[in-house]
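Chemist: Its first residue numbered 171, the sequence shown is counted upward by one per residue in my numbering.
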Amino acid sequence: MGKFHTTLPPSLHPWILSQPVFFVSTAPLSPQGHINVSPKGTFPNINSFGYIPAPDDSTKQAQFWYLDLSGSGSETISHLYEPNNGRITIMFCEFGKGAAPRIVRLFGRGKVLENGTRGFEEWTKKEGVQVIPGARSVVVVEVELVGDSCGFAVPVMEFKERREVLNEVFRRRMERVEAGKSEESMERYWAYKNAWSLDGLPGMEVARRTGEKEGIAPIEKMVGPMASNLPYARRRWYGSLGIWAVILQLLLTAIVVLVGERLLGFR
171 MGKFHTTLPP SLHPWILSQP VFFVSTAPLS PQGHINVSPK GTFPNINSFG YIPAPDDSTK
231 QAQFWYLDLS GSGSETISHL YEPNNGRITI MFCEFGKGAA PRIVRLFGRG KVLENGTRGF
291 EEWTKKEGVQ VIPGARSVVV VEVELVGDSC GFAVPVMEFK ERREVLNEVF RRRMERVEAG
351 KSEESMERYW AYKNAWSLDG LPGMEVARRT GEKEGIAPIE KMVGPMASNL PYARRRWYGS
411 LGIWAVILQL LLTAIVVLVG ERLLGFR
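#1: Just to confirm my understanding: we take residue 199, look at its own chain, exclude 5 residues before and 5 after, and list those with CB closer than 8 Å. What are they?
#2: What residue from 176, 367 and 244 has the CA that sits closest to residue 225's CA?
#3: For a minimum of 3 consecutive residues, which ranges assigned as the beta strand (DSSP E) are wholly contained in the stretch 289–335?
#4: Just curious, the alpha helix (DSSP H) that residue 249 is in, first and last residue?
#5: What does the Cβ neighbour count give for residue 327, buried or exposed, with the cut at 16 atoms within 10 Å?
#6: How about residue 186 and residue 311: do their beta carbons lie closer than 8 Å?
#7: Identify which residue in 330, 323, 358 and 329 has its Cα closest to the Cα of residue 340.
#8: Out of curiosity, what's the CA-to-CA distance linking residue 367 and residue 245?
#9: According to the Cβ coordinates, are residue 317 and residue 262 closer than 8 Å?
#10: Would DSSP call residue 357 helix, strand or coil?
#11: Do residue 249 and residue 305 come within 8 Å of each other at the CB atom, strictly closer than that value?
#12: Across which residues does DSSP place residue 235 in a beta bridge pair?
#13: Taking the beta strand (DSSP E) that residue 272 falls in, what are its first and last residues?
#14: Would you call the CB atoms of residue 332 and residue 190 closer than 8 Å?
#15: For residue 265, which three-state DSSP category applies?
#16: Determine the extent of the beta strand (DSSP E) in which residue 175 is found, giving its start and end residues.
#17: Under 6 Å Cβ to Cβ from residue 320, same chain only, skipping five residues before and after it: list those, please.
#18: Is it true that the CB of residue 365 sits closer than 8 Å to the CB of residue 377?
#19: Quick one, are the C-beta atoms of residue 293 and residue 313 less than 8 Å apart?
#20: Label residue 373 either buried or exposed according to how many other C-beta atoms from any shown protein chain fall within 10 Å of its C-beta, with 16 as the threshold for buried.
#21: Taking all protein chains shown into account, do 16 or more other C-beta atoms lie within 10 angstroms of the C-beta of residue 370, making it buried, or fewer, making it exposed?
Structure representation (structure tokens):
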């Protein structure tokens, strides 16, 4: 039977920290937006994630955090940046043979600490994180609820090894940048791939700043013959909402002006 806790039971702390993979789920506020689920591999050698229990006086919530590596999308970051959003769920799952089947979900609100910001530097220093090439942020989750349930429907799978390809790709990229190829900087990579979400929500702040400064057009995320007709292609959906917001603002301004003139006796 599933149980829900306001904080993670201490007995589960070692289990979470031993997992080679977890899953991150977020969504935009609009019902037309796309729900995102991302798998995240862990790297114990660089202390890439952790869980901070709530203090005994319960004045603060427990926190879960992870080092977010660069990728081709920016869904999680965009959803956490969206005003009045920040909803996020972290899921761990036991796949090992002979281990007790288990699924643990951490429900909460997340925030993004982008690489290059003071918050990122302070957090990685405090938690002893080795910042590797390609690290774009730290995601911190204020844990509001913990779900613990069995996982008998989950298959047994054997863990082989961690993939190091992505880390190697970004390591070589940084070497080229240090050799003078500034056009291959991570900021330019982020501007091309991480400036906007699938639904047109703003992504990494440094990505948008770099894109505007250096004239880097974001990648076309919608492909195929029908892509141009989709309402959320190339930020069109949220762009249309922006147009309606401007129209509404103009109408409200006109109403205020008319009412103000009548109250002041100009008509």
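For every residue, glycine included, the Cβ atom is placed at its ideal position computed from N, Cα and C.
Modeler: By the coordinates alone:
#1: 252, 254 and 255
#2: 176
#3: As for any beta strand (DSSP E) of minimum length 3 sitting wholly inside the stretch 289–335, the runs are 305–319, ordered along the chain.
#4: 245–251
#5: exposed
#6: no
#7: When only C-alpha atoms are compared, the closest one is 358.
#8: One C-alpha to the other measures close to 5 Å.
#9: Pairing residue 317 with residue 262 gives a Cβ-Cβ distance that is not under 8 Å.
#10: In the structure shown, residue 357 sits in a helix (DSSP, three-state: H, G or I).
#11: no
#12: Residue 235 pairs with 220 and 310.
#13: Per DSSP, residue 272 belongs to no beta strand (DSSP E) and is neither H nor E.
#14: yes
#15: coil
#16: 173–175
#17: 271
#18: Closer than 8 Å, so yes.
#19: no
#20: buried
#21: buried
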